[in-house]
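Numbering (UniProt numbering), first residue to last: 1 to 1152.
Step one of this worksheet: look at the structure below.
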Amino acid sequence: MASTWEIQARKARNILQQSIPKQWMVPASKLPPATQLNVVDFPRTSGILTDKELAITEMSATALVEGMGKGKLSAEEVIVAFLKRSVMGHQLLNFATEFMAENAISRAKELDMYYKGTGKLVGPLHGIPISVKEHIGIKDLTLNGGYAAWVDDIATEDALLLQCLEKAGAVFHVRTNQPQSLMHICCSNNLTGTTLNPYNRLLTPGGSSGGEGASMGFKCAPLGIGTDIGGSIRCPAAFCNGYGFRPTARRNPTSGLKAPEPGQESILGVVGPLSSQSIEDLGLFQRAVLDQEPWDIETSLVPVPWKNVRPTNDMTVAIMWDDGCVRPHPPVLRALKHAQKKLQGIGIKVVDWEPYKHGHGWDIISSLYFPDAAASQRALIAQTGEPILPLTEWAFQYSRAAPLTVGEGWELNYQRDIYRDEYHALMKSRGVDFILCPAYVGVAPVLGESHYWNYTAIWNILDQPAVVFPSGLNVDSQLDAVDKSYQPRTAVDEREWKKYAPERYTGAPIGLQLLDFDCIGGANGEAMTEHYALDLTTALRPLLLPDETLLFVQDAVGLYEGKYKVANYQNGHAYLTSHRVCYVAVDEPRKYCVAIDLKEIDRAEYQAGFWKSSAKVIIYPKPPKNIDGPRGSGASPSRSQPLRTQLAGAQSPLPQTSTPSYTPPTKPVNATWVCPICSFSNPVPSNFDPSTATNSTPIPPCLACGIKPPFTTILKAAIAAATSRESPAITPSTSQIGRGTPPEGTGPTSTLNGSGSVMCSRCTFLNHPSLLECEICGASLSTANALRGPDNQDRSESPAPFFEEGNIRNTDVSDHIKLSFRGGGEKIFLERLKGALVQRKWLLYNAPPAPQQPSQSKPTSSPDPTGVSTGLNTPTQTRSPGVGIAGLERRGLEARKNNELVIGNAFEDLEALMASAKQIVALAETLARESGMASDETSAETSAVLSESAAALGMVTTKDMLGSSAGNLYLSELSRNLAEYLTDDRKGILQKEGGIMSLIDLWAVFNRSRNGVELVSPSDFQRAAELWEKLRLPVRLRRFKSGLLVVQKYDWSDEKTLRQLQDWMADLRQVPPSEPVPWDWRLFGQPVTAQEAAQRFGWSVGVAAEELEMAEDKGIFCREEGIEGLKFWTNFITFDPTPANPNGLAISTLEI
């Protein structure tokens, strides 16, 4: 009698066999023999498919959509062609679990009818065949996930991802195979058997989306859907010469997928696309899904649209040649060298990447894969008695012997998050945009031999988006010979290295993997907004832009969107710079950080605290332009969306509406600019808006000489005219224009009584006249009735706030943000914010010198040093001819007077002063040198000049930049400042010092770099350094046994130092000494001193002495004290210095 699992397996095979379209099956006599390993070309050589069907099945999804959009192809003929190729592929590779031919053809016919009736496509994936991994639910079909126990399970509805794809026009025609447990980098189960690789049928197609890999390799579909928790999309794509994309977690919807351990969130699985033809198709897939905003249904998803990234060569790609644990096989290394040459050939900067604790990362993720020690998986398998396959048992052995306790799970999650932060900080500190690395230790492994997958799993624990692509190369036995000189580092390395022999992998394609650390899994879509996630420094502070300066920092700040708190943004730091307002949360700062450019801010207001409500600063973005028309090409994306749709990483409690607000027309700019060539006064174009103008804005030439002026010349003229324009008196009826002022005839909704108070029409409370909203009920004091449509019912009796989401002029749901200052500092923040908005340094920092005003015999207005008129429409006066010597003298006198005016007023022009900050500092330094201020006896004037210049350039963190809780905040910001100073590649202080330096040396160097600006005391300096570990910064403080405090990189260890010292001593056994010695230097080497160690590694002498003594304490070195001083030798008491292998000395376990 058959066992339960065999009965279930027979059911699964019957479902498959009954679903295969028999009319398209290839007779066995026409199939290639089993000895033919590569079957990729069989569709072309067999003659079974027509020429048009071959052409269709070898087109990308993008090209197919274009062809159907032009009417050259029908959806029906496309799906039939791919079904025929899929049946052929299944006969050769066994990649399918079920065909859906009838439903697919019916769906294609519906799409064709729609196109014929409307002339339009249903969506961006109109008629595109997509293969689907079996454990992704399709309504009324089985959902077994590779387990015999689940064969009878039926999906009650389509997975949310499939619903989105179907709305976009996709057609699902075949379901694909997966391994038992979904945890193999192979594809074999007890239900439908083993899937093969089309490039070599002795090799695996990968897993767990192995059926998808085979489907892509044989071109059974232009797009496929897989899942990935350790490489299950990327390995199949790499093994089968396809493309695969692993997005970040919570990017694509996963509801409707079947898998054991539902609710396991330590390492999240993701769902993503595979493509058989092009990387552009991956973007097409992602855009089709995310444009439908699936986060409105699956609320755990990140509500971020698909981003658009413009191609550029201005990037740095780091190549990881090895993960430090297992060396890649020769074909993979050849492909990396090939890619390096190609990248450098098109001008992209390529550097090497040293892996960071990949072994540690694997220890964490392998423990988190099965928190219950794989008990749930084993129980599923035991239900039917099906045998556990070898690779299933291999995967289970990575789990711990007993289920994780709650505390152990917490600790692993904590270590995971620390590791993510450290790795990302390392990427930023090295200035790397992408990492190029292997997708696997080799090419597709032999069936049953896929044991090591940390080249992909490491990016799952780091949760970074990754794409796999073909290198264009295949294994070549002559080019990829075995490196017989390589000595494996560990048992795992040896196991994987011994598997390699080029003849075992004949014809296998070589895939590579690319990581992007600056995106949230998005490319090739719409850019999100002007409110964006921040780039942080290694010290978790905003990475300043060129010429950007830090103005103020305040901790204990919360973020509001309108009246509502934004989750995960309630305890953080607010940074005000000359260009931006930045917010960085204390918990998970790299995940919860956001910024808004000052150029996007219209105004800022103060809201006083009351009782338990903290004081707040309200920031209003600039109103949208072109409300009634389409958005212009130069418009900012943020101005077409409410602020709540723009906060990166924040989920808003408000409904997602897109109602623009009302904006009054702006007055035309009335100003003139002076041509720097011929000094002719020209009018500034009336449509020139200095707030939105860019370098690409059309600029008319000079009316006199015909030469176009610099962009900044017109920009300064327009700004000066706008700031000098007199504003009309503000009255209650006009002060609220732009905030919903009632039009004529509607009447106000609030009453201004004799005492000056404003009565709310809803609750009759008397409010202060400066308030915009009622203090009691929240109703608008100026616009409530005006915004109410004619059909709305009167709700004056209701105390609830009045919302009109459908009204285009609704302002009750305000599009603004609030910064809640729970620790004080709001007034200073607001004051400096307003100053930064006036200074507009983001516009003027690169402005040219002010042009000279042309001399006029009878000026009609006072001269303007910037070359701009006062804004009055006065006719230009003619110049005096100035003939002869008298004329020359008169011109010289006018020029001197004009220069005096320019110089005098320039120092009153704060904008020009800020724009010339660098030049002012350079001038101050020059004056200091010439006047003797730079001598050892520093004067008060010198300190003042240097303090102001350094603060202007944002070079230091000083106490005047901090808020009320100055003590703790000063130390934490100083700690971050120090970490940046040590680890930033531009300064490279710690790198220059060999990765370690004493705290005393750092104190001296750091204070010297501050140019005498608020020197840091030794006590504050040490207390700030002690905060590095608490703040999770990439440096740490270490104390030697002598008491010496040193600074090291966070990942530096004694073991790494010992390896460096041992390698050095081994090198000395290869180099003859400068003078004859009475011992065998080839065997015993040479002694070293602290001075020599300092010179060798770039350490200070004191640090070198401590490190050598540490090596002595560890038993690696022994000392020699003599008249020549202290020297250190390799400790041969614990070593066997045999000449057979002098380089292979290892640390003995013998304790002395």
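Built from N, CA and C at the ideal position, the CB exists for glycine as well.
If you're wondering where the values come from, they're calculated on a predicted model, not measured in any experiment.
Is there a Cβ from chain D that is less than 8 Å from the Cβ of residue i?
{"i": "GLU503", "result": "As a matter of chain content, chain D is missing from the structure shown, which is built from one protein chain."}
Could you name the residues that DSSP lists as bridge partners for residue i?
{"i": "PHE434", "result": "VAL317 and ASP516"}
{"i": "ASP1049", "result": "Asp is not the amino acid found at residue 1049; the sequence shown has Lys there. LYS1049 is bridged to VAL1035."}
{"i": "HIS573", "result": "VAL584"}
{"i": "CYS678", "result": "Paired residue(s): none; CYS678 is not in a bridge."}
{"i": "SER998", "result": "VAL1046"}
{"i": "ILE619", "result": "ALA604 and ILE817"}
{"i": "ASN197", "result": "ASN200"}
{"i": "SER275", "result": "LEU223 and TYR243"}
{"i": "THR50", "result": "According to DSSP, THR50 bridges with nothing at all."}
Helix, strand or coil, according to DSSP, for residue i in the structure here?
{"i": "HIS358", "result": "helix"}
{"i": "CYS593", "result": "strand"}
{"i": "LEU111", "result": "helix"}
{"i": "HIS579", "result": "coil"}
{"i": "TRP5", "result": "helix"}
{"i": "PRO403", "result": "coil"}
{"i": "ALA1024", "result": "helix"}
{"i": "CYS164", "result": "helix"}
{"i": "SER60", "result": "coil"}
{"i": "PHE821", "result": "strand"}
{"i": "SER188", "result": "strand"}
{"i": "ILE79", "result": "helix"}
{"i": "TYR414", "result": "helix"}
{"i": "PHE688", "result": "coil"}
{"i": "LEU1015", "result": "coil"}
{"i": "CYS126", "result": "First, the residue type needs correcting, since residue 126 is His and not Cys in the sequence shown. Coil."}
{"i": "ASP322", "result": "coil"}
{"i": "ALA912", "result": "Any reading at ALA912 must be qualified, since the residue scores a pLDDT of 45, below 50, and its modelled position is unreliable; no value is offered."}
Can you tell me whether residue i is buried or exposed? The criterion is at least 16 other CB atoms within 10 Å of its CB, across all chains shown.
{"i": "TYR455", "result": "buried"}
{"i": "residue 1154", "result": "Examination of residue 1154 is not possible in this model, given that the chain is present from 1 through 1152 alone."}
{"i": "SER1053", "result": "exposed"}
{"i": "VAL351", "result": "exposed"}
{"i": "ASP61", "result": "It should be noted that the sequence gives Ala, not Asp, for residue 61. Looking at its Cβ environment, which holds 16 or more other Cβ atoms inside 10 Å, ALA61 is buried."}
{"i": "LYS22", "result": "exposed"}
{"i": "LEU703", "result": "exposed"}
{"i": "MET113", "result": "exposed"}
{"i": "ASP1080", "result": "exposed"}
{"i": "TRP362", "result": "buried"}
{"i": "CYS593", "result": "buried"}
{"i": "PHE552", "result": "buried"}
{"i": "LYS484", "result": "exposed"}
{"i": "ASP421", "result": "buried"}
{"i": "GLY242", "result": "buried"}
{"i": "VAL1071", "result": "exposed"}
For the candidate residues the options, whose alpha-carbon lies nearest to that of residue i?
{"i": "VAL260", "options": "GLN286, LEU162, PHE285 and ALA149", "result": "Before going on, a small fix: residue 260 reads as Pro here, not Val. Looking at the Cα atoms, ALA149 is the closest of the given residues."}
{"i": "THR97", "options": "THR299, GLN18, MET113 and VAL26", "result": "GLN18"}
{"i": "GLU449", "options": "PRO438, ILE461, ALA401 and TRP394", "result": "TRP394"}
{"i": "LEU290", "options": "LEU160, VAL684 and LYS84", "result": "LEU160"}
{"i": "THR156", "options": "LEU257, CYS240, GLU76 and PHE239", "result": "LEU257"}
{"i": "ILE435", "options": "LYS1030, LEU412, ASN197 and TRP321", "result": "TRP321"}
{"i": "PRO470", "options": "ASP281, ALA238, VAL132 and THR1089", "result": "ALA238"}
{"i": "ILE56", "options": "ASN200, LYS109, SER131 and LYS219", "result": "LYS219"}
{"i": "GLU496", "options": "VAL326, ALA693 and PHE1117", "result": "VAL326"}
{"i": "ILE510", "options": "GLN415, GLN344, CYS240 and ALA567", "result": "CYS240"}
{"i": "ILE596", "options": "LYS818, PRO488 and ALA1090", "result": "LYS818"}
{"i": "LYS841", "options": "ALA466, PRO179, ILE719 and SER757", "result": "ILE719"}
Indicate, with yes or no, if the ligand GTP has a heavy atom lying under 7 Å from the CB of residue i.
{"i": "MET315", "result": "Ligands are entirely absent from the displayed structure, and the ligand GTP is therefore not among its contents."}
Whole runs of the alpha helix (DSSP H) within the stretch 222-256, excluding any shorter than 4 residues | Secondary structure within the stretch 222-256: the alpha helix (DSSP H) runs of 4 or more consecutive residues, fully enclosed, are 234-239 (chain order).
Curious, which full-length beta strand (DSSP E) runs of at least 3 residues does the stretch 421-502 contain?
-> Scanning the stretch 421-502 from its first residue to its last, the whole beta strand (DSSP E) runs of 3-plus residues come out as 434-438 and 466-474.
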